[in-house]
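Colleague:
In the working numbering, the protein residues as written are 2 to 182.
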């Protein structure tokens, strides 16, 4: 008995372990949510958030990884046109696919440029016709105005199509027909 009295003396009442009774004015009101419905709402909310996140990631990846959105092939053709206007053969060749042909065409291209006194492109338009990520087709239209050494000057319409190839992430011109003068 001595242990029972000691135990009862050491413990004190902390109140009820359950929820306190509702005040009398709220006894006839039913609870609007239960613990179970709140957890289901959380699960559904998290599920919807996860779905929205996945859809967002897929959309971003499709937009940024879509080859049709890659404008680099057009930029390569524009750079090539600028190199022609400045008569910079080394720069022109840097846009060409790095093959034996590039080395072979170098001297011929340098001879071609020797005859050009001045060359200018106006009303230019660059249009991506195809791009699958590995191969692209770009159309270049406009007007070419030129002055040739000992041959006079002229103006012609320009409508050239370039085939470009992607090599290790960089685009190069594979085939091109130089503007006819």
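Backbone N, C-alpha and C fix where the C-beta goes; we use that ideal spot for every residue, glycine too.
1) Taking only the alpha-carbon atoms, compute the straight-line gap between residue 74 and residue 172 and give it to the nearest angstrom.
2) Determine the closest residue to residue 116 out of 153, 103, 100, 135, with distance taken between C-alpha atoms.
3) Within 10 angstroms of the Cβ of residue 56, are there 16 or more other Cβ atoms? Answer buried if so, exposed if not.
4) Using the three-state DSSP reduction, which class does residue 164 fall into: helix, strand or coil?
5) Am I right that residue 145 and residue 157 are in contact with their C-beta atoms under 8 Å? What's the rounded C-beta distance?
6) Hey, would you say residue 82 sits closer than 7 Å to residue 92, going by beta carbons?
7) Going by other Cβ atoms of all chains shown within 10 Å of its Cβ, with 16 needed for buried, is residue 143 buried or exposed?
8) I need the DSSP call for residue 140, collapsed to helix, strand or coil.
9) Considering Cα atoms alone, identify which of 43, 175, 159, 166 is closest to residue 125.
10) Let me know if residue 141 comes out buried or exposed under the rule of 16 or more other beta-carbons within 10 Å of its beta-carbon.
11) Using three-state DSSP, classify residue 73 as helix, strand or coil.
12) Identify, in the order they occur along the chain, each residue of the same chain with its Cβ nearer than 6 Å to the Cβ of residue 150, setting aside the five sequence neighbours on each side.
13) Can you tell me whether DSSP reads residue 83 as helix, strand or coil?
Modeller: Here's the rundown:
1) Distance between the alpha carbons of residue 74 and residue 172 is about 6 Å.
2) 153
3) exposed
4) strand
5) A Cβ-Cβ distance of about 5 Å is found for the pair residue 145 and residue 157, placing them in contact under the 8 Å criterion.
6) no
7) buried
8) Residue state, collapsed to three classes: strand.
9) 159
10) buried
11) Under the three-state reduction of DSSP output, residue 73 falls in the helix class.
12) 116, 118
13) helix
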